[in-house]
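Residue numbers (the working numbering), protein chains in the order written: chain A, 9 to 218; chain B, 404 to 556.
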Amino acid sequence: MEKIALTIDGLNIVADKGMTVLETALRNGIYIPHLCYHPDLKPSGVCRLCLVEVGDEQLVTSCRMKVEQGMVIKTKSPEVDKVRRAIVELLIADHHTDCRNCPSSGQCELQRIMASLHISVKRMRPLKWAREELPRDTSNPFFDYDPNKCVLCGICVQTCEVVQGTSSLYFVGRGYGTKVAFFANKSRCESCRQCVARCPVGALIPKTVR
Amino acid sequence: MEKREERLLREILSFYKGQQGELIPILLQVQANFGYLSEKARKLIARFLSITEGQVYSIASFYSQFRLVPLGKKRVTICRGTACHIRGAPRILEATEKVLGLKEGETSSDLEYTLETVACFGCCALAPCIRINKNVHGEMTPEKVKELFPHLK
Ligand code: SF4
Ligand code: FES
């Protein structure tokens, strides 16, 4: 396998050709916040959290950027931090922040990201968009879906497609109204529950937990 | 779906090759003929393009142009452009929702009324205004809203 040398945060790193910057960083113990990346899936690049600086101040999503010889990557810089923080704040403004009562608390990527950026839930509360709670979707016999917690990363949708070869989960609607819908009787859900296992937050929860 | 409608739908589909990229043109044409995209229609379209119904629904629900339920006989449109908004469109909407028992974007189950909002229909001088099918009613108040639907108590 062809090797590629690059620099991440001042460290000299050797990666395999074809790897992405995010994979390389994670493999070398450098954490870059990410929500929509999953090692088994094609990077969709929708959450924009994995932004890094390449060369002179160009921001790119590291999950979709392939490593190149001599690349200089900064995973932290004033510019990266500013943009990333804004994205996280926007996500939280439209996210349930009752972490204490959430079964995913402790395993939640969003919590991890907030911790890494030193954003406290409490301080975020005033920024929250006051809107009505959306109802939970309990139509699946094995799991429930809470749109108030979904970050629309698309991992469950893609997982269903890849694992089952057909999907029973789809995005419906648009903008703030977007949510994931389960198309029960019209598809072939085999209750593999991979979507639940991979949801980075607490939006998909097995029925037995509650 | 009745036989006749199904025949029309199949006729529409016969003009296409069955490639996935044709989904949106098909949805547009089906809606132009039926007024909305029924579940049955979505099912047939999905089968024709070898995609799932979920995919069809996902796309159709993304574009505000596509309707998934039929329009009511009376289409009640509330303007919430800047002028109407300032002159109380939110209260007009609230009053209308109450009178019709519908939320914005909904159609009554008897298919009599559909309630929608738009960004402006160009009657700012009459703000705040409501349109029922083609008739515009200006300078509305929550009280006057009730008078517009006298048979609904
Ligand atoms: S339910 Fe979970 S996995 Fe699916 S889109 Fe929402 S946050 Fe992502
Ligand atoms: S992980 Fe790269 S955009 Fe989401």
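Ideal Cβ placement from N, Cα and C applies to all residues, glycine included.
Keep in mind that this is a model prediction, so the values were computed, not measured.
Worksheet item: Does the distance from the CB of Y460 of chain B to the CB of Y178 of chain A come in under 9 Å?
Response: Numbered from its first residue, the second sequence carries residue 460 of chain B at position 57. Numbered from its first residue, the first sequence carries residue 178 of chain A at position 170. With a cutoff of 9 Å on beta-carbon distance, Y460 of chain B and Y178 of chain A are scored as near each other.
Fill in: Bridge partners - K477 of chain B, DSSP secondary structure assignment
Taking the second sequence and counting its residues from 1, the one referred to as residue 477 of chain B is at position 74. DSSP links K477 of chain B through a beta bridge to B:Y516.
Worksheet item: Between the Cα of I127 of chain A and the Cα atoms of A:E141, A:E97 and A:A33, which residue gives the shortest distance?
Response: As a working mapping, residue 127 of chain A is identified with position 119 in the first sequence. I127 of chain A has its Cα closest to that of A:E97, out of A:E141, A:E97 and A:A33.
Worksheet item: Counting contacts by CB-CB distance shorter than 9 Å, is F465 of chain B in contact with chain A?
Response: Mapped onto the second sequence, residue 465 of chain B falls at position 62. It does: the Cβ of F465 of chain B has a partner Cβ on chain A nearer than 9 Å.
Worksheet item: If you draw a straight line from the alpha carbon of M9 of chain A to that of L431 of chain B, how long is it in whole angstroms?
Response: Numbered from its first residue, the first sequence carries residue 9 of chain A at position 1. Numbered from its first residue, the second sequence carries residue 431 of chain B at position 28. It is roughly 50 Å from the alpha-carbon of M9 of chain A to the alpha-carbon of L431 of chain B.
Worksheet item: Listed from N- to C-terminal order along the chain, which residues in the region 437-456 of chain B have their beta-carbon within a distance smaller than 7 Å of any beta-carbon of chain A?
Response: Along the region 437-456 of chain B, the positions whose C-beta sits under 7 Å from a C-beta of chain A are T455 and E456, read in chain order.
Item to complete: Going by DSSP, name the residue or residues bridged to Q66 of chain A.
Response: One-based indexing of the first sequence puts residue 66 of chain A at position 58. Partner(s): A:V62.
Worksheet entry | Chain-ordered neighbours of Q434 of chain B on chain A, where CB pairs are closer than 8 Å | Here residue 434 of chain B refers to the residue found at position 31 of the second sequence. Chain A residues near Q434 of chain B: none, gap ~17 Å exceeds 8 Å.
Fill in: Beta-ladder partner(s) of L125 of chain A, from DSSP
Translated into the one-based positions of the first sequence, residue 125 of chain A becomes position 117. Per DSSP, none; premise fails for L125 of chain A.
Worksheet entry | Contacts that Q458 of chain B makes with chain A (C-beta to C-beta distance below 8 Å) | Walking along the second sequence from the start, residue 458 of chain B turns up at place 55. When 8 Å is used as the limit between beta carbons, Q458 of chain B is near these residues of chain A: S175 and Y178, in chain order.
Discussion item. Just verifying my parser: in three-state terms, what is the DSSP assignment at I495 of chain B?
Written reply: Taking the second sequence and counting its residues from 1, one reaches residue 495 of chain B at position 92. I495 of chain B falls in the helix class under three-state DSSP.
Worksheet entry | As assigned by DSSP and simplified to three states, the class of Y460 of chain B | Position 57 of the second sequence, counting from 1, holds the residue named residue 460 of chain B. Helix.
Worksheet item: Among the residues of its own chain, which have a CB less than 6 Å from the CB of P155 of chain A, if the five just before and after it don't count?
Response: Indexing the first sequence from 1 puts residue 155 of chain A at position 147. Cβ neighbours of P155 of chain A beyond the five flanking positions: L142 and K187.
Discussion item. According to DSSP, simplified to helix, strand and coil, what is V96 of chain A?
Written reply: Here residue 96 of chain A corresponds to residue number 88 of the first sequence, with the count starting at 1. Residue state, collapsed to three classes: helix.
Discussion item. For Y516 of chain B and S70 of chain A, I'd like the C-alpha separation in whole angstroms.
Written reply: On the second sequence, position 113 is the one that residue 516 of chain B refers to. On the first sequence, position 62 is the one that residue 70 of chain A refers to. Distance between the alpha carbons of Y516 of chain B and S70 of chain A is about 50 Å.
Fill in: Stretch-stretch touch, CB-based, cutoff 8 Å, three pairs: the region 50-68 of chain A with the region 101-109 of chain A
Fewer than three pairs of CB atoms, one per stretch, sit closer than 8 Å, so the region 50-68 of chain A makes no contact with the region 101-109 of chain A.
Worksheet entry | Secondary structure, alpha helix (DSSP H): runs of 4+ residues fully inside the region 419-443 of chain B | Within the region 419-443 of chain B, the alpha helix (DSSP H) runs of at least 4 residues that lie entirely inside it are, in chain order, 426-437.
Worksheet item: ligand 1 heavy atoms versus the CB of I100 of chain A: any closer than 8 Å?
Response: In the first sequence, counting from the first residue as 1, residue 100 of chain A sits at position 92. Because no heavy atom of ligand 1 lies under 8 Å away, the Cβ of I100 of chain A does not count as near it: no.
Worksheet entry | Those residues which DSSP pairs with V22 of chain A across a bridge | The sequence position of residue 22 of chain A within the first sequence is 14, counting from 1. DSSP lists A:A13 as partners of V22 of chain A.
Worksheet item: What residues are listed by DSSP as bridge partners for C482 of chain B?
Response: Residue numbering aside, residue 482 of chain B sits at position 79 when the second sequence is read from its first letter. BP columns for C482 of chain B point to B:V521.
Discussion item. I'd like to confirm something about L57 of chain A: is its beta-carbon nearer than 8 Å to some heavy atom of ligand 1, or not?
Written reply: To locate residue 57 of chain A, count along the first sequence from 1; it is residue 49. Incorrect: L57 of chain A has no Cβ contact closer than 8 Å to ligand 1.
Practice prompt. Mind checking who Y153 of chain A pairs with in its DSSP beta bridge?
Written response: Walking along the first sequence from the start, residue 153 of chain A turns up at place 145. The secondary-structure analysis by DSSP pairs Y153 of chain A across a beta bridge with A:D145 and A:L212.
Item to complete: Taking 8 Å as the threshold, find out whether the region 201-212 of chain A comes into contact with the region 478-494 of chain B through three or more Cβ pairs.
Response: The region 201-212 of chain A is not in contact with the region 478-494 of chain B.
Discussion item. Once the 5 residues before and after I386 of chain B are set aside, which same chain residues still bring their CB inside 7 Å of it?
Written reply: The first residue shown for chain B is 404 and the last is 556, placing residue 386 of chain B beyond what the model contains.
Worksheet item: Is the region 404-422 of chain B touching the region 120-136 of chain A, taking contact as three or more C-beta pairs under 8 Å?
Response: Fewer than three beta-carbon pairs drawn from the region 404-422 of chain B and the region 120-136 of chain A are found closer than 8 Å, and the two stretches are therefore not classed as touching.
Practice prompt. Below 7 Å CB to CB, which residues in the same chain sit around Y39 of chain A once its five sequence neighbours on both sides are set aside?
Written response: Indexing the first sequence from 1 puts residue 39 of chain A at position 31. Close CB contacts of Y39 of chain A within its chain, under the 7 Å cut and outside five residues either way in sequence, are with S124 (chain order).
Item to complete: Within the same chain, show all residues whose beta-carbon is closer than 6 Å to that of Q22 of chain A, passing over the 5 residues directly before and after it, in chain order.
Response: As a first step, residue 22 of chain A must be located in the first sequence, where it is residue number 14. Note that residue 22 of chain A is Val in the sequence shown, not Gln. If we look at V22 of chain A and ignore the five residues flanking it on each side, its Cβ neighbours are K11 and A13.
Discussion item. Could you check whether the Cβ of R182 of chain A sits closer than 9 Å to any Cβ belonging to chain B?
Written reply: As a first step, residue 182 of chain A must be located in the first sequence, where it is residue number 174. True, the Cβ-Cβ gap to chain B drops below 9 Å.
Worksheet item: What's the gap between the Cα of T544 of chain B and the Cα of L57 of chain A?
Response: The residue labelled residue 544 of chain B in the question sits at position 141 within the second sequence. The residue labelled residue 57 of chain A in the question sits at position 49 within the first sequence. A straight-line Cα-Cα distance of about 47 Å links T544 of chain B and L57 of chain A.
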